[in-house]
Amino acid sequence: VRQASKAHGISPSTVFQAYYLLENQGLISARPRSGYFVRDNASRILDEPHVALQQQAPSDVAVSELVFSVLGSLRDNDTVPFGSAFPSPELFPLARLATSMTRGLRQLSSHAVISDMTTGHPDLCRQIAQRYMVNGMQLPTEELVITNGAMEALNLGLQCVTQPGDLVAIEAPAFYATLQVLERLKLRAVEIPVHPREGIDLEVLENRLETLPIKACWFMSHLHNPLGASLSDARKAELYALLCRHQLPMLEDDVYAELYFDQRAEVSPPQPVKALDVEGLVMHCGSFSKCLAPGYRVGWISAGRHTREISRLKLMTTISPSLPAQVALADYLQHGGYDRHLRKLRL
Ligand SMILES: Cc1ncc(COP(=O)(O)O)c(C=O)c1O
38 VRQASKAHGI
48 SPSTVFQAYY
58 LLENQGLISA
68 RPRSGYFVRD
78 NASRILDEPH
88 VALQQQAPSD
98 VAVSELVFSV
108 LGSLRDNDTV
118 PFGSAFPSPE
128 LFPLARLATS
138 MTRGLRQLSS
148 HAVISDMTTG
158 HPDLCRQIAQ
168 RYMVNGMQLP
178 TEELVITNGA
188 MEALNLGLQC
198 VTQPGDLVAI
208 EAPAFYATLQ
218 VLERLKLRAV
228 EIPVHPREGI
238 DLEVLENRLE
248 TLPIKACWFM
258 SHLHNPLGAS
268 LSDARKAELY
278 ALLCRHQLPM
288 LEDDVYAELY
298 FDQRAEVSPP
308 QPVKALDVEG
318 LVMHCGSFSK
328 CLAPGYRVGW
338 ISAGRHTREI
348 SRLKLMTTIS
358 PSLPAQVALA
368 DYLQHGGYDR
378 HLRKLRL
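The sequence shown begins at 38 in the working numbering and counts up one residue at a time.
Right under this line is the structure:
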């Protein structure tokens, strides 16, 4: 109560009034001499969002004006950014990352400043591939392209497999920037409804693939933004079978993978669809923006059969990812205690 009163500049009695209200709604409970806590079943008390209404026909996308006006309002300190997907900056080990950047740059030969302008610093690629390996997925370092955040990875991936006017299957609702990428590349959207717990409706997807000339799809197979839904392993396998049957490239946006948690220690993190990808159809995109280093703008794409084309697109657009940011992250992943940081972040 004291903390909330200080943080929001309101009196303790106002905080109590707010907490009594939340307690009456069954969302929080008081523990003697400890404070107020969110109840375990709070999420079940809130109404589940409705599944989006099915939009049958492909549509043009024009959302930029609306998106820019909403993003503009985030700069207003009086607005609480519920739509912002960034955890509080205080939760990130920024000082430790700065140490890693200094150390990494000191160790870099002067020649490397030019010669390491590639589509990915080898040390960072190795560290990323190792993390996947520990979680049970083989990701060859040669298939990794480091990008300017996941956003560049997703842009390059979609650009690589489509032409203006093509149809792309996306989730409804989708992360707003997905819509902006489609708008920029002049692609048409085929909306696939997402169930708030079970994820993308595969039956609708199958029907659309049979009736429309869809050229690519862009999905979040787990920890969907904005609904939080995840596909079960069985549904991921069904989705992959559909991709293979239609030889459909899929962009897998997995930026929240490291924020997964389960209080049962024996439960291992869910595998992305990429883990099933023997045919190289899945372009799997990740990022450090949400879990470690916002603002460093470091993400990646593991692009299967499209790797060469994506490396070329990367060279033709932004040439190389920032070397200092990559060096800092490679050093941090090796020495900085990333797993300890993630355990704290997930609590
Ligand atoms: C679902 C989703 N994908 C991609 C991104 C972009 O990630 P990055 O900041 O690494 O470009 C975001 C950021 O909000 C996101 O929420």
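Note that CB positions come from ideal geometry on N, CA and C, so glycine has one too.
If you follow the beta strand (DSSP E) that residue i is in, where does it begin and where does it stop?
| i | result |
| --- | --- |
| residue 336 | 335-339 |
| residue 349 | Not the beta strand (DSSP E): residue 349 falls in the alpha helix (DSSP H), residues 344-354. |
| residue 209 | 204-209 |
| residue 318 | Neither: residue 318 is in no beta strand (DSSP E) and is coded neither H nor E. |
| residue 185 | 181-185 |
| residue 49 | No beta strand (DSSP E) contains residue 49, which is instead part of the alpha helix (DSSP H) from 49-61. |
| residue 270 | From DSSP, residue 270 is part of no beta strand (DSSP E) but of the alpha helix (DSSP H) over 270-283. |
| residue 361 | No beta strand (DSSP E) contains residue 361, which is instead part of the alpha helix (DSSP H) from 360-372. |
| residue 73 | 72-75 |
| residue 228 | 225-232 |
Going along the chain, which residues of its own chain have a beta-carbon closer than 7 Å to the beta-carbon of residue i, five neighbours each way excluded?
| i | result |
| --- | --- |
| residue 68 | 74 |
| residue 295 | 328 and 379 |
| residue 86 | 233 and 264 |
| residue 339 | 176, 180, 181, 311 and 321 |
| residue 473 | The first residue shown for the chain is 38 and the last is 384, placing residue 473 beyond what the model contains. |
| residue 65 | 56, 59, 73, 74, 75 and 76 |
| residue 341 | 180, 314, 317, 318, 319 and 320 |
| residue 371 | 164 |
Whose C-alpha, out of the options, is nearest the C-alpha of residue i?
| i | options | result |
| --- | --- | --- |
| residue 349 | 172, 197 and 93 | 197 |
| residue 199 | 66, 209, 282 and 288 | 288 |
| residue 216 | 119, 147, 150 and 96 | 96 |
| residue 242 | 282, 259 and 219 | 282 |
| residue 132 | 162, 145 and 330 | 330 |
| residue 256 | 248, 244 and 285 | 285 |
| residue 424 | 171, 383 and 221 | Absent from the structure is residue 424, since the part of the chain shown begins at 38 and ends at 384. |
| residue 299 | 218, 41, 258 and 382 | 382 |
Which residues bound the alpha helix (DSSP H) around residue i?
| i | result |
| --- | --- |
| residue 105 | 101-110 |
| residue 406 | This structure cannot speak to residue 406, because the chain is shown only from 38 to 384. |
Leaving out the 5 sequence neighbours to the left and right, which residues in its chain are closer than 6 Å to residue i when beta-carbon positions are compared?
| i | result |
| --- | --- |
| residue 324 | 186, 187, 292 and 336 |
| residue 211 | none |
| residue 41 | 52 |
| residue 268 | 236 and 258 |
Am I right that residue i and residue j are in contact with their C-beta atoms under 8 Å? What's the rounded C-beta distance?
| i | j | result |
| --- | --- | --- |
| residue 206 | residue 227 | 5 Å |
By Cβ distance below 8 Å, which residues in the same chain neighbour residue i in space, the five residues on each side in sequence not counted?
| i | result |
| --- | --- |
| residue 23 | Residue 23 cannot be examined here, being either before or after the span of the chain that is shown, 38 to 384. |
Answer yes if the segment 339-348 comes into contact with the segment 359-378, meaning at least three C-beta pairs across the two stretches below 8 Å, and no otherwise.
-> no
Does the pairing of the segment 120-134 with the segment 265-280 give three or more beta-carbon distances under 8 Å?
-> no
Would you check if there are 3 or more beta carbon pairs closer than 8 Å linking the segment 304-318 to the segment 359-374?
-> no
Quick one: any contact between the segment 362-371 and the segment 126-140, if contact means 3 or more CB pairs under 8 Å?
-> yes
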